[in-house]
Amino acid sequence: MEVNLKSRAKVEKATTTSRSPTFDKLMMPHGFTKEHDEPRSHAFMVIDHMIVDRAYGGRFQLKDWTYIDKKGKLWEVVVDTGKELPQTAKAANTVCFSCKTSDHVLKWGYLGDPLPGAVLKRGPNPAAIEMAKNHVQNSMGCIHCHDPHATKPRVIQSPLIQAAVDRGEGTYPYDPKKSGEVTIRKITFQRDGQDFRAIGILNKPDSNVLCAQCHVEYNCNPGIDTKTGGGVGMEDRRTNYYPWVNVFDLQKRYQSINFKDFRHSVTGAALTKIQHPDVESYWGSKHERAGVECKHCHMPKMKQKEKEFTFHGQRSARYLLKDTCVRCHSKWTTEQAEYQVDAVQNYIRGKMRKAEFWLGELISAFIRAKDAGVGEEALNEARKEHDRAHILWEWWTAENSDGFHNPEMARQSLAESINASQKGIEILNKAV
């Protein structure tokens with residue numbers, strides 16, 4: 000397997016040249032502020048998960064610093080030092096591995112429930128360490144997306160099956176017609192006479208649905224029950240949950256299940272930590288409406304020795320322009336294609352910075368308001384705007400395309416984030 004050396008390692012998002020220069024201020028005290036890197040290839044997903052500073056207190060490290068480009072079995076590359084490092088977090092849990100590996104599939108019950116026949120289940124950081132050391136070696140593999148007997152398309156991520164089948168929301172929740180054309184049939188397997196795990200068989204290949212097993216917004220951690228004010232622990236199914244909605248409906252969806260990830264250190268607002276909502280961003284975009292799927296840009300058809308095959312080294316279309324953009328936009332050169340991509344991403348990054356600036360201003364306004372003795376009624380009204388502004392901004396720092404998946408949605412969302420921040424500032428300024 001060839002390493003794409005142009006996709007750099009350890010690129011922290013909270014730097015001046017990355018997606019979110021003021022990420023730490025906007026996300027404090029969330030564990031992601033300890034280290035939040037731009038992603039690398041699938042081959043590194045388990046390794047990078049183990050060594051990131053936010054996951055296990057820094058105890059897992061590369062066996063040698065030069066191993067950063069080594070792929071393969073986890074424990075041939077990574078070592079447990081047994082020592083924790085300062086300025087780290089222990090935020091990882093067992094649900095994290097649902098996307099990182101396929102090794103767990105026969106040991107993990109539906110949604111990670113604590114079933115009698117399950118060796119593994121939803122659990123906190125110590126359980127994740129035990130799971131990693133005794134049950135995980137490989138990154139996600141073929142069986143995540145293909146039936147091992149006939150290679151037909153399937154999904155194994157139970158929260159996706161729960162959303163599309165159990166909740167009846169379909170494969171394309173904003174397009175009933177397309178949902179009817181692309182379906183998932185849930186098949187439940189039993190163990191010791193009880194329902195144990197499930198897979199979803201697709202009626203036809205659709206890489207948007209297959210990639211939605213992981214490239215979506217999901218909750219995979221403990222949090223806050225907004226109805227009771229108490230904590231939500233890993234025993235609760237809400238810690239393995241796919242909202243399965245776009246950015247404009249996310250706030251409402253989490254309100255419907257009374258869940259938030261964390262409280263902001265300064266404002267006290269209950270906020271959401273968004274993951275990587277690539278598929279939900281793509282819904283309704285010009286490319287998606289034209290029938291373009293994830294595979295066309297990230298896993299294109301290629302030829303080698305006159306034989307055509309599907310490229311499985313999933314990467315940005317930026318590194319595959321001849322086989323992706325130029326294949327459809329045949330009048331473009333690869334240089335022109337990259338110029339088009341850059342223009343979209345540069346524009347949206349600019350909007351991300353502006354939304355980020357106004358969120359920072361809102362946080363500063365909370366400090367002034369609290370110093371002035373502003374009451375809880377006004378603070379709570381402003382916190383609602385903080386929640387909305389935060390979601391509409393952070394979605395795009397978590398999404399992997401800098402808005403290219405859906406530039407129109409990105410622009411609208413980021414503009415509405417700015418509006419919400421400014422409204423929150425206005426509420427607080429009037430109350431001072």
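Mind the numbering: the sequence shown is residues 0 to 431 in numbering that gives the first Met the number 0, read in order. Note that beta-carbon positions come from the ideal geometry of N, C-alpha and C, so glycine has one too. Since this is a predicted model, take the numbers as computed values, not measurements.
Check                                                                                                                             : Outcome
Sheet register partners of Ile198 (DSSP bridge)                                                                                   : Ile186
Inter-residue Cα distance where the pair is Gly57 and Gly81                                                                       : 9 Å
Nearest candidate by alpha-carbon position, reference Ile50, set Gly111, Ile128, Gly267, Ser101                                   : Ile128
Thr438 in three-state terms, based on DSSP                                                                                        : Examination of residue 438 is not possible in this model, given that the chain is present from 0 through 431 alone.
Unbroken alpha helix (DSSP H) run spanning Met408, endpoints                                                                      : 406 to 430
Contacts around Phe310, its chain only, beta-carbon distance under 7 Å, and the 5 residues preceding and following it disregarded : Met298, Pro299, Met301
Pro406 versus Ser284, Val373, Ile390, residue with shortest Cα-Cα distance                                                        : Ser284
Spatially closest choice to Gly108 from Phe195, Glu168, Glu415, by CA coordinates                                                 : Phe195
Helix, strand or coil at Gly212 according to DSSP, with G and I counted as helix                                                  : Per the sequence shown, residue 212 should be read as Gln rather than Gly. Coil at Gln212, not helix or strand.
Of the residues Arg410, Asp165, Leu361, the one placed nearest Ile347, counting alpha carbons only                                : Arg410
Through-space distance from Trp394 to Ser17, alpha-carbon basis                                                                   : 15 Å
Cβ-based burial, Gln274 [other Cβ within 10 Å; buried from 16]                                                                    : buried
Rounded separation between Arg237 and Asn124 - CA only                                                                            : 17 Å
Cβ shell of Glu380 (< 6 Å), same chain only, five flanking positions each side left out                                           : Ile426
Contact set for Ala211: own chain, Cβ-Cβ below 7 Å, skip 5 residues either direction                                              : Leu159, Val278
Strand pairing of Asn218, partner residues [DSSP]                                                                                 : Tyr240
Host beta strand (DSSP E) of Val77 (start-end)                                                                                    : 77 to 79
Range covered by the beta strand (DSSP E) that runs through Lys300                                                                : 300 to 303
Terminal residues of the alpha helix (DSSP H) in which Leu391 lies                                                                : 375 to 397
Cβ neighbours of Asp235 in the same chain (closer than 6 Å, five flanking residues each side left out)                            : none
Trp331 versus Ala316: straight-line alpha-carbon distance, rounded                                                                : 15 Å
Short Cβ contact (8 Å threshold) for Pro276 with Glu398                                                                           : yes
Spatial distance of Gln193 from Lys72 (CA atoms)                                                                                  : 33 Å
Extent of the continuous alpha helix (DSSP H) to which Leu249 belongs                                                             : 249 to 255
Closest residue to Gln335 among Leu320, Gly167, Gln344, Asn345 (Cα-Cα distance)                                                   : Leu320
Cβ-based burial, Ile362 [other Cβ within 10 Å; buried from 16]                                                                    : buried
Cutoff 6 Å; reference Tyr171; Cβ partners in own chain excluding five residues on either side                                     : Lys177, Ser178
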